[in-house]
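With the first letter of the sequence shown counted as 1, position 70 gets the number 60 in the working numbering; the numbers rise by one all the way through.
Using N, Cα and C, we set each Cβ at its ideal position, and we do this for glycine too.
From a predicted model like this one, the values you see are computed outputs, not experimental measurements.
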Amino acid sequence: MEEFVADEIESILYVVREISVYRIPPLKANEGHRAQGWGDLAQPLWKGRMRIVEKSDTVSLIFEDAQTGELFARALFDPSKPSVEAVLDSSRYFVIRIEDSGRKAYIGIGFSERSDSFDFNVALQDYTKRWKARMNPPLQVVEEDMPSPHIPPGPKKDYSLKEGQTFSISIPGRGGNFDNSSNLLGSRGGINVGSSTSSDVSGHSFPLLPPPPSAPKRR
-9 MEEFVADEIE SILYVVREIS VYRIPPLKAN EGHRAQGWGD LAQPLWKGRM RIVEKSDTVS
51 LIFEDAQTGE LFARALFDPS KPSVEAVLDS SRYFVIRIED SGRKAYIGIG FSERSDSFDF
111 NVALQDYTKR WKARMNPPLQ VVEEDMPSPH IPPGPKKDYS LKEGQTFSIS IPGRGGNFDN
171 SSNLLGSRGG INVGSSTSSD VSGHSFPLLP PPPSAPKRR
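Structure, rendered in structure tokens:
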């Protein structure tokens, strides 16, 4: 069981049963690769199977014999510095960079069918998207830490009463400072009607407002 856990899991991202490998000339300055400059494309350097294998955090392009599995070449695929480049004059041919102990070599590969080269491209693009998502995870924002747009910025004010503090509320009309000679309109004397119903039991006079003027009659 421990040996099974220690083994890294391999994922096969893509397999093509037949691919051609070519020896390519050095790239000229300010020019891209062209398959027509590789010589007779019907006479490749090697033919075999290619697999794209994902293991742990690395992806490799493995070129091997389709019958025996003998390894011909291995190229690491790093999205930060891509090792696969399409040629300028065909959608079926690519240039692969192979690195070993600091040394670099370039080989050309060719697919017999355009559908195979399309699937090859898609497999590399899918892995590149997953790699970018892993390298740049989305930020998790906690809503509690976000300030409310309805609260002005600045330190919060403390309106709570401290120990020993009290407050009082003054209500007009209550207490010893109430002026008995003032009416509800704030004036002295009020308007009295010769009837005891306009005064309360304590003798305070309440003003009686005049009725509103009647609307003029229409002729």
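- Annotation note: the region 28 to 86 contains the following uninterrupted beta strand (DSSP E) runs of length 3 or greater, listed N- to C-terminal: 36 to 45, 48 to 54, 61 to 67 and 74 to 76.
- With 16 or more other CB atoms across the displayed protein chains lying within 10 angstroms of its CB, L3 is buried.
- In this structure, E0 sits near V43, with a CB-CB distance shorter than 8 Å.
- Nearest to A95 by C-alpha distance, out of A65, K122 and K119, is A65.
- DSSP, reduced to helix, strand and coil, places L3 within a strand of the structure shown.
- The region 101 to 110 and the region 6 to 15 touch, with no fewer than 3 CB-CB distances between them shorter than 8 Å.
- Remark: C-beta atoms of L61 and I86 do not approach each other more closely than 8 Å.
- One alpha carbon belongs to S70, the other to D148, and they sit about 53 Å apart.
- For the set L129, E89, D116 and E75, the Cα lying nearest the Cα of H23 is the one of E75.
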